[in-house]
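Have a look at the structure below, then the notes.
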Amino acid sequence: SFPAAYADFEALSALSAERGAAAPELLLGPWGAAPVPRAERVRGTRDIPEVARALLRFVARAVGARPIRDLPARVFVRGAGWRDASRWPPAASRERTLYLGGDGRANTAGGDGRLAREPGGDRADSFVADPADPVPSLGGAAVGGVAGAVDQRPVEERGDVLCFTGEPLESALELAGRVRVTLYGEGSANAGHTSAKLVAVEPGGAARWLAEGIARARPGAELCEIELGAAGARLAAGTRLRVEVAGSSVPRFARGEGDASPRACAVYHGRARPSALRFRAL
Numbered sequence: 003s004f005p006a007a008y009a010d011f012e013a014l015s016a017l018s019a020e021r022g023a024a025a026p027e028l029l030l031g032p033w034g035a036a037p038v039p040r041a042e043r044v045r046g047t048r049d050i051p052e053v054a055r056a057l058l059r060f061v062a063r064a065v066g067a068r069p070i071r072d073l074p075a076r077v078f079v080r081g082a083g084w085r086d087a088s089r090w091p092p093a094a095s096r097e098r099t100l101y102l103g104g105d106g107r108a109n110t111a112g113g114d115g116r117l118a119r120e121p122g123g124d125r126a127d128s129f130v131a132d133p134a135d136p137v138p139s140l141g142g143a144a145v146g147g148v149a150g151a152v153d154q155r156p157v158e159e160r161g162d163v164l165c166f167t168g169e170p171l172e173s174a175l176e177l178a179g180r181v182r183v184t185l186y187g188e189g190s191a192n193a194g195h196t197s198a199k200l201v202a203v204e205p206g207g208a209a210r211w212l213a214e215g216i217a218r219a220r221p222g223a224e225l226c227e228i229e230l231g232a233a234g235a236r237l238a239a240g241t242r243l244r245v246e247v248a249g250s251s252v253p254r255f256a257r258g259e260g261d262a263s264p265r266a267c268a269v270y271h272g273r274a275r276p277s278a279l280r281f282r283a284l
């Protein structure tokens, strides 16, 4: 989902709990601004009826009518279908952290970038972001074109994309809630934007889009927090999580001030500067 919309839902949920008011309702579907790709559709599921039901619930609530359903959160979990819950993320979910690591050669999916439960030795990875050759967007929440869980391998062949990959999952894992990436950098990396993407690497090799975000660091800041929005996906055993870091993702994110000329970008990781992926899961 879009990070700002999900952040609004979290803020309203906290406020309603504080005041003892009715919880806000959430409909989180597998759509962006484009139709759901055929490969992601669940048998018997239609986009238009789901949106229509959400509109009816909104109208009923606005006129003070009895709620159409008791559970306020309805979320599409990729690989599992629709889930109804009393809150989102589910109470049983917990935040997990995986730390970026490697020996300084994380460029491309064939590099040595790693995701691990503990931070490794202090190292840095670097790339050059060139506005004349921006990293293209593939899938995700797209306006027109192909959206959804598109294979990211063409992007991961580029030398200006850092890839940090985890070990195969020992058992199924269900992502349920906010995803964010914390990066430590310095120098000209802080002069423009940095994008981060979470993908699921299937046993066959395909790297499927899960969530994506972009942020601009404050001048002189070392720490950059990138919100990737919310993800709902059930990942089978053997799947690996991967974080991509780049200087752009065009056209999904427009270029901004500070992105007009090539810039060297450095990402640090290790115990001193623990760049990390944080997400909620069951």
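Residue numbers for the sequence shown follow the working numbering, beginning at 3 and rising by one. Virtual Cβ for every residue (Gly too), placed ideally from N, Cα, C.
Cβ-Cβ distance between residue i and residue j below 8 angstroms
i: Ser263; j: His195; result: no
i: Gly104; j: Gly115; result: yes
i: Glu176; j: Cys165; result: no
i: Thr184; j: Ser277; result: yes
i: Arg280; j: Glu97; result: yes
i: Leu212; j: Ala202; result: yes
i: Ser15; j: Ala7; result: no
Assigned exposure category for residue i - 16 Cβ within 10 Å defines buried
i: Glu169; result: exposed
i: Ser88; result: exposed
i: Cys267; result: buried
i: Val77; result: buried
i: Leu17; result: exposed
i: Ala239; result: exposed
i: Leu28; result: buried
i: Gly187; result: buried
i: Glu370; result: With the chain covering only 3 through 284, there is no way to say anything about residue 370.
i: Glu20; result: exposed
Alpha-carbon spacing of residue i relative to residue j, whole angstroms
i: Ser3; j: Gly123; result: Low local confidence applies: a pLDDT of 48 at Ser3 is under 50, so the model's placement there is unreliable, and no value is given.
i: Pro253; j: Pro138; result: 7 angstroms
i: Glu204; j: Ala283; result: 18 angstroms
i: Gly22; j: Pro91; result: 19 angstroms
i: Ala191; j: Arg265; result: Residue placement at Ala191 cannot be trusted, given a pLDDT of 47 that sits under 50; what the coordinates show is reported in the next sentence. Cα-Cα distance, rounded: 7 angstroms.
i: Leu140; j: Val130; result: 20 angstroms
i: Asn109; j: Val247; result: 9 angstroms
i: Ala149; j: Gly106; result: 32 angstroms
i: Ala209; j: Arg273; result: 28 angstroms
i: Gly81; j: Leu230; result: 20 angstroms
Whole-number beta carbon distance between residue j and residue i, since they are thought to touch under 8 angstroms
i: Ser197; j: Phe255; result: 6 angstroms
i: Ala127; j: Val269; result: Per the sequence presented here, residue 127 reads as Asp, with Ala not at that position. Indeed, because the Cβ distance is near 5 angstroms, the residues count as touching under 8 angstroms.
Span of the beta strand (DSSP E), counted from its first residue to its last, around residue i
i: Glu27; result: No beta strand (DSSP E) holds Glu27; DSSP gives it neither H nor E.
i: Arg125; result: 125-131
i: Arg76; result: 75-79
i: Val183; result: 175-186
i: Ala93; result: Here Ala93 belongs to no beta strand (DSSP E), and DSSP marks it neither H nor E.
i: Gly215; result: 209-218
Span of the alpha helix (DSSP H), counted from its first residue to its last, around residue i
i: Val201; result: First-last for Val201: 195-203, but that is the beta strand (DSSP E), not the alpha helix (DSSP H).
i: Glu158; result: 155-158
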